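Undergrad: Residue numbers (my numbering), protein chains in the order written: chain C, 15 to 129; chain R, 4 to 116.
Quick reminder that beta carbons are idealized off the backbone N, C-alpha and C, glycines included.
Here the structure is a predicted model, which means the values were calculated and not measured.
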Amino acid sequence: DTAVSQTPKYLVTQMGNDKSIKCEQNLGHDTMYWYKQDSKKFLKIMFSYNNKELIINETVPNRFSPKSPDKAHLNLHINSLELGDSAVYFCASSLTTWGLQETQYFGPGTRLLVL
Amino acid sequence: AQSVAQPEDQVNVAEGNPLTVKCTYSVSGNPYLFWYVQYPNRGLQFLLKYITGDNLVKGSYGFEAEFNKSQTSFHLKKPSALVSDSALYFCAVRDQAGTALIFGKGTTLSVSS
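(1) What are the boundary residues of the beta strand (DSSP E) that R/Q74 is part of?
(2) For C/V18, which of C/P122, C/Y49 and C/S100 has the nearest alpha-carbon?
(3) By the 10 Å Cβ neighbour count, where 16 or more other Cβ atoms means buried, how is R/S6 classified, buried or exposed?
(4) Can you confirm whether R/T102, when its beta carbon is compared against all beta carbons of chain C, has any partner nearer than 9 Å?
(5) Which residues, taken in chain order from the segment 49-65 of chain R, show a beta carbon closer than 7 Å to some beta carbon of chain C?
(6) Quick one: which chain C residues come within Cβ less than 8 Å of R/L79?
(7) Counting C-beta neighbours from all protein chains within 10 Å, is the total for R/L59 16 or more, i.e. buried, or is it exposed?
(8) With a floor of 3 residues, list each beta strand (DSSP E) that falls wholly inside the segment 9-66 of chain R, ordered by position along the chain.
(9) Ignore the nearest five residues each way along the sequence and tell me which others in R/N44's own chain have a CB closer than 8 Å to its CB.
(10) Cβ of C/L109 less than 9 Å from any chain R Cβ?
(11) Where does the unbroken beta strand (DSSP E) through C/Q118 begin, and where does it stop?
(12) DSSP three-state call for R/S113: helix, strand or coil?
(13) Which residue from R/S115, R/F77 and R/D57 puts its Cα closest to that of R/F93?
(14) Going along chain R in order, which residues have a C-beta closer than 7 Å to the C-beta of C/Y103?
(15) Could you check whether the segment 94-111 of chain C touches the segment 81-90 of chain R, counting it as contact only if at least three pairs of C-beta atoms, one from each stretch, sit closer than 8 Å?
(16) Considering only DSSP beta bridges, list what C/T21 is partnered with.
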């Protein structure tokens with residue numbers, strides 16, 4: 015069973031469209047994250063949620079809106095897609111929010127290409 | 004602010020030889036350090052972490068990392084490299100002001116047969 019899963023795996027879309035990426039974890043973790051990996055492979059946190067509550071909201075355009083219907087799911091909705099949004103988006107989860115020693119487990123990534 | 008640096012963009016090593024992928028860190032307080040590996044078109048896989056205790060941490064796939072507080076380093080090592088170890092390796096530190104991982108820029112490891 016996949017611990018952290020994301021759908022879709024690939025997403026190709028036109029500028030201006032709205033799209034969503036879904037993430038689910040079956041690890042029983044309380045905290046979930048979205049990271050962005052740019053074309054140079056640089057990874058940066060976007061958001062984190064603890065049991066459906068927003069914890070981290072980095073300097074991300076408000077076109078990006080995370081939604082957590084329950085603690086096992088964290089979706090990412092992107093409005094008015096721009097060329098610069100092309101990247102790989104990784105979902106991750108950890109047992110709790112504040113355990114600094116805890117491991118974060120990552121999903122396979124969603125490769126978004128905006129044309 | 005916490006940060007990690009991976010000074011090498013690429014490391015090349017012959018199969019069977021030992022490998023080292025370097026990482027240095029800057030933190031206020033105790034460091035919580037992680038290594039992840041990313042194979043082509045795949046997600047990040049956890050290799051190992053340093054929390055406290057022994058300076059030599061053993062992880063998955065025969066990898067280990069040596070924590071050195073005086074040199075603020077956390078280098079990833081393997082005694083004998085395999086071609087299948089070729090991948091992108093990330094060092095990360097836990098952001099003590101929040102919950103996120105702060106990643107280095109990554110080091111591409113290429114193991115030749």
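TA: Per the coordinate set shown:
(1) Taking the second sequence and counting its residues from 1, one reaches residue 74 of chain R at position 71. From DSSP, R/Q74 is part of no beta strand (DSSP E); its letter is neither H nor E.
(2) Translated into positions along the first sequence, residue 18 of chain C becomes position 4. It is C/P122.
(3) Indexing the second sequence from 1 puts residue 6 of chain R at position 3. It is exposed - the Cβ of R/S6 has fewer than 16 other Cβ atoms within 10 Å.
(4) Indexing the second sequence from 1 puts residue 102 of chain R at position 99. Residue-level contact check: R/T102 touches chain C, since one or more beta carbons of chain C fall below 9 Å from its beta carbon.
(5) Identification of residues in the segment 49-65 of chain R having a C-beta nearer than 7 Å to some C-beta of chain C yields F49, K52 and I54, given in sequence order.
(6) What you label residue 79 of chain R is simply residue 76 of the second sequence in a count that begins at 1. Within 8 Å Cβ-Cβ: nothing; R/L79 doesn't reach chain C, min ~16 Å.
(7) For this step, residue 59 of chain R is matched to residue 56 along the second sequence. R/L59 comes out exposed.
(8) Listed in chain order, they are 13-17, 22-24, 27-29, 36-41, 47-53 and 59-61.
(9) On the second sequence, residue 44 of chain R is found 41 positions in, with the first residue counted as 1. Contacts found: none.
(10) Position 95 of the first sequence, counting from 1, holds the residue named residue 109 of chain C. Not one chain R Cβ lies under 9 Å of C/L109.
(11) For the purposes of this step, residue 118 of chain C is taken as the residue at position 104 of the first sequence. Looking at the DSSP string, C/Q118 is not in any beta strand (DSSP E), and its letter there is neither H nor E.
(12) Taking the second sequence and counting its residues from 1, one reaches residue 113 of chain R at position 110. If DSSP states are grouped into helix, strand and coil, R/S113 belongs with the strands.
(13) Within the second sequence, residue 93 of chain R is the residue found at index 90, counting from 1. Proximity to R/F93 across R/S115, R/F77 and R/D57 peaks at R/F77, based on C-alpha coordinates.
(14) Residue 103 of chain C sits at position 89 when you count from the first residue of the first sequence. By Cβ distance, chain R contributes nothing, its closest Cβ being about 11 Å from C/Y103, past 7 Å.
(15) No contact exists between the segment 94-111 of chain C and the segment 81-90 of chain R.
(16) The sequence position of residue 21 of chain C within the first sequence is 7, counting from 1. Answer is C/K36, bridged to C/T21.
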